[in-house]
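Following: one structure in structure tokens, then a few remarks.
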Amino acid sequence: MEMLGAILDLGKTILAPISEYYKYHRSVDEHMKNLKRKRDDLECKKSDIELKIRAELLPRKKLKREVKFWLQKVETINADIQNIEQEAERGKYFSRMHVGKFSCKKIQEVAELIDQSCGFGESLVIDPPVSYGDELPTGALVGESTAEITMENIWKHLLDEDCGMIGVYGMGGVGKTTITKHINNRLLKEKEKFNHVIWVTVSKAFDVIKLQNDIASKLDPNPLKSEDETTRAGKLYAALKEMKKWVLILDDLWSAFPLENIGIPEPTSENGCKLVLTTRDAKVCDGMNCKTIKVELLSIKESHDLFLKTVGCDVSNIPEDVVEGVVKQCARLPLAIITIAGSLKNVVDVFEWRNTLNELRTSTKGSAHVDAPVFKSLQFSYERLKDKKLQDCLLCCALYPEDYEIYRDELIEHLIGGKVIENMKSRQEELDQGHTLLNKLENACLLEGGSKDFEIKDILEKRRFVKMHDLIRDMALQIAGAKFLVLEDVPNEEEWGNDVEKVSLMCKRGSKFSYVSPKCPKLSTLLLRGYANIIPDSFFVHLKHLTSLRLIDSFLIRRVPSLAKLTELRSLDLSAESLEEIPHGLEMLVNLRYLNVYSIKTNQEKMPPGILPKLCQLQVLKLPFWGLEVNGEEVVRLKKLEWFEGEFDGVKGFNTYVESLEEGGPGHYIYAVNKKKPASQLGVAELGESVILSDCNICLLPKDVLALIISEGQKCGLSSDYWKKSVWFKGCEEIEYIHSSFDIFSLQSLEILDLYELNNLKGLFREEKVAPAPVVSLGTFSRLKQFSIEFCPNIKKLFPPGLLLDNLEQIRVCDCKQLEEILGGAEASDDEVEEEAKEIVEIFPQLRNLTLEYLPKLKTICSRSNVILCDSLDSIDIFECPKLKRLPLSLHLIDGELSSPPSSLQIYIKKERWELLEWDNHDMKMVLEPFIEWYPRIV
């Protein structure tokens, strides 16, 4: 009987998967019909919600976080359904079981989404807290006594209830903007004075729509969508009127305008609002009915002190009359003093100082837009650069819009394409020279440097930029003269002159190219951005000497005419997202060294064969990650490639390419294989040298790869050879564990781990059954800095106990329905808890950001013997974790009292959840409460 029972059990084991296979295989058509019906129901619900959103999402209203999250889920599941429909249409016999099983799963998920939509409440929007304002980078006040008197005068009028509008005027370069920036930052510190501070720089060519957009963007990231100026003004007026007690600062205004045309309520003592403007013309202040405040020139002593401070060296050997003569030529203007002194930094030769004074005295040029003393000093600083490359580099910055933050990498590519930087041995050498040129211009006080933080998938990056003072830009354009054509509209036929060398068109709405073929034999650079719609087919016919063509930030152009005639082209940047096809004639651009079509939205699946091998000079190639697949054998022939981003047409072609890398390859790359979705949907960030694999088996990898992104198709965790510095998994349905507990040494170099939509994931490590499972090594994850897991519904516990996670900076855990604890070891008997309490262990000592969202079963973060010190914490975000009982935070004790948390700490949580939390030290709750921002909040 025992043997019979064993045979029956064996039969059940064998028949169970066969029965499951038969069930899904036989019923696939029925399941697909049900799925389509459910999907239609979901689309109806989505349409209803979107209609309600359009009705409720008025200015300064924000979408509820849960609604935004729901809409994202709908987009994701629609993409999944589309993929399974395509697989069903192919009608392969052996895929029917997979289609049937997948469709059943999606039916359930769609039903859950429909149920969730019923719990949003009466309204889909909320009133969020409005940002008080933005602190602006600025240096110390120049000429402290004069500037401080002016600043205190402005401040006095700001606090005067009877003064609603203040006009600050003075010569160009006198320091109006700097003083007003200090006012802006002072208002941010004294928040009790006003509710909101809004700073907007006004362009020289006054544009109602642009000014409306710039003001609106400071109130609401959703742009004003109406094309009608009056309607837009009405919406802006309503938003500003509702806010009350704001200060609106308009910097560099060139002409007066009626407030109602823009949508700005008149500041009054009743609404407590203020308008501050800066201008070079006192008549603008009068036209706006402002209280006028003049920014005076520096005193002679202030001028002298500022000059010597900027020169930065001992000038005692220079005759005093020469030094004073140079300072006098600066006419007590801060900008003139800084630029002239910057050109004389570390100059100690008396002959050079005398020559400088002589040149300044004999220079008499001026400009219609620049006061003569300022222009004279700026032009002198330009001429003192001596190096033509530096001078050309400065002039090229004037091709960008006024007050524009020009990213260094973009500008340097422009300089390389325009032959300001000539051919060198490698692209990296050219980039190095570009940064050197920009550094020199910053040191000469002719450019202002800065950087911007931007975050992609919790990875913080800095991007450096340079800015050009509007007076320096005016000077540069005057020096360039007829060689530069910089317009905000498409020029007519007469404006395309024979002498023009560089053209920059920042096309405003309604701009149209006339059907002409410009004849500009010297034109080398064409920069096009904005709202032009159609470029005529004849446009490039006579531009045979063009070396740099950049079509960026363009919103309407769908296609570019043939480029076959542009055989001298070295740099082609078609990163405008509106483009729908690659241009004809690409194969004729045999001198091309830089090609960027990354953002193109084309229906072409593959790059037409034969094009890439003819572009043998290419050093940089940026292709989209969906469409325009490239043949591996063709890429092998690009021997000079130093930077590559794009998708290969299959594993075989990619393997062929990787095998060729024994001879060397690009220093920077992002390779994709079988990619189905845009990179943003995977969250691909600047991770360094990366490989993205979608729905395919692991293949050969370059030896220097730093990041591996696996999307769909992978059936099990990775072996040791494939664990790199960063590893991401997305949508791998069959993975249960990402790694074996017997093979953990490869994880000791891992810094970033991201797990997304792993529906069958049970844990991070598989404990082998053939032998007693070893304790996971303390070194495992020892370098891990960022960990994220989202939409993994079956995992219950994350990190096993005993791991040394000393470098972990970010933990993000979202939408894991079964998850109960973050760090293992929370389950213990009462005796064990009492024993553990004797020794408190600090965990996550470097943790900066902790995010826990949509975790319905999460009970605890760690055991009671573990605490997280707040020393390094910046943010804690807890949302929809109804069973979480304890927040294991701790602070140092100083003289028996808890120390203060870091001033940067922010805690986001619902008030009712906060009140239910248990604390090891009850004083912690009181100490942390001032750092809380109660939900609902906006992301």
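Numbered by UniProt numbering, the letters in the sequence shown go through residues 1 to 939 in order.
Ideal Cβ placement from N, Cα and C applies to all residues, glycine included.
None of these values were measured; they are calculated from a predicted model.
Give me, in chain order, the residues of the same chain whose beta-carbon lies closer than 8 Å to that of residue i; leave out the 5 immediate sequence neighbours on both sides.
i, result
"A282", "G167, Y169, T292, K294"
"G164", "E266, P267, T268, S269, C273, K274, L275"
"E933", "P129, Q906, I907, Y908"
Just how far apart, CA to CA, sit residue i and residue j?
i, j, result
"L847", "W728", "20 Å"
"A216", "T436", "38 Å"
"P845", "V867", "10 Å"
"V516", "F540", "10 Å"
"residue 955", "M468", "Absent from the structure is residue 955, since the part of the chain shown begins at 1 and ends at 939."
"C393", "P583", "29 Å"
"E402", "I894", "53 Å"
"L42", "E112", "10 Å"
"I600", "P561", "15 Å"
"V200", "C507", "21 Å"
"K105", "N34", "11 Å"
"E835", "S865", "Here E835 scores only 49 on pLDDT, less than 50, and its place in the model is too uncertain to base an answer on."
"D409", "V327", "36 Å"
"K388", "G434", "13 Å"
"P801", "L641", "47 Å"
"E161", "R550", "51 Å"
"L124", "L63", "6 Å"
"Y21", "K101", "Below a pLDDT of 50, predicted positions are generally treated as unreliable, and Y21, at 48, falls in that range; the measurement from the model is reported next regardless. Near 9 Å, if we compare the C-alpha coordinates of K101 and Y21."
"D573", "L523", "17 Å"
"K46", "K857", "28 Å"
Would you mind giving the Cβ-Cβ distance between residue i and residue j, rounded to the nearest angstrom? I have them listed as a contact below 8 Å.
i, j, result
"S395", "A476", "According to the sequence displayed, residue 395 carries Leu and not Ser. The pair is a contact, with the Cβ atoms about 5 Å apart (cut-off 8 Å)."
"L628", "K606", "7 Å"
"E568", "K544", "7 Å"
"S514", "N492", "7 Å"
"R463", "Y400", "Going by Cβ atoms, the distance from R463 to Y400 rounds to 15 Å, so no, they are not a contact pair."
"G342", "A444", "5 Å"
"L855", "C816", "6 Å"
"L764", "Y737", "7 Å"
"T602", "E634", "Not quite, the Cβ-Cβ distance comes to about 18 Å (not below 8 Å), so this is no contact."
Indicate the three-state DSSP secondary structure (helix, strand or coil) for residue i in the structure shown.
i, result
"K309", "helix"
"W254", "coil"
"L248", "strand"
"E933", "strand"
"D695", "coil"
"R332", "coil"
"Y671", "strand"
"E832", "With a pLDDT of 48 at E832, under the threshold of 50, the modelled position of this residue cannot be trusted; read the value that follows with caution. Helix at E832."
"H435", "helix"
"E842", "strand"
"A79", "helix"
"M171", "coil"
"E751", "coil"
"A576", "coil"
"M243", "helix"
"T278", "strand"
"K36", "helix"
"W353", "helix"
"residue 971", "Residue 971 falls outside the range modelled here, since the chain spans only 1 to 939, and no answer is possible."
Looking only at its chain, what residues have a beta carbon closer than 6 Å to the beta carbon of residue i, apart from the 5 residues adjacent to it on each side?
i, result
"I909", "I878"
"L798", "I822"
"D923", "L898"
"E448", "K467"
"L159", "none"
"L357", "V322, G325, V326"
"L693", "V673, I710"
"V503", "L485, L526"
"G731", "S711, E712, E757"
"L917", "L887"
"R427", "Q619, E642"
Just to confirm my understanding: we take residue i, look at its own chain, exclude 5 residues before and 5 after, and list those with CB closer than 7 Å. What are they?
i, result
"C696", "V651, V673, N674, G713"
Inset, instruction - Report the residue ranges of all beta strand (DSSP E) runs contained in full by the segment 846-931; include only those spanning at least 3 residues, in chain order. - result: 849-853, 866-869, 875-879, 906-909
Legend entry - Every unbroken alpha helix (DSSP H) inside the segment 606-654 [4 residues or more]: 632-636
Legend entry - Runs of alpha helix (DSSP H) lying entirely within the segment 181-222, each at least 4 residues, in chain order: 208-219
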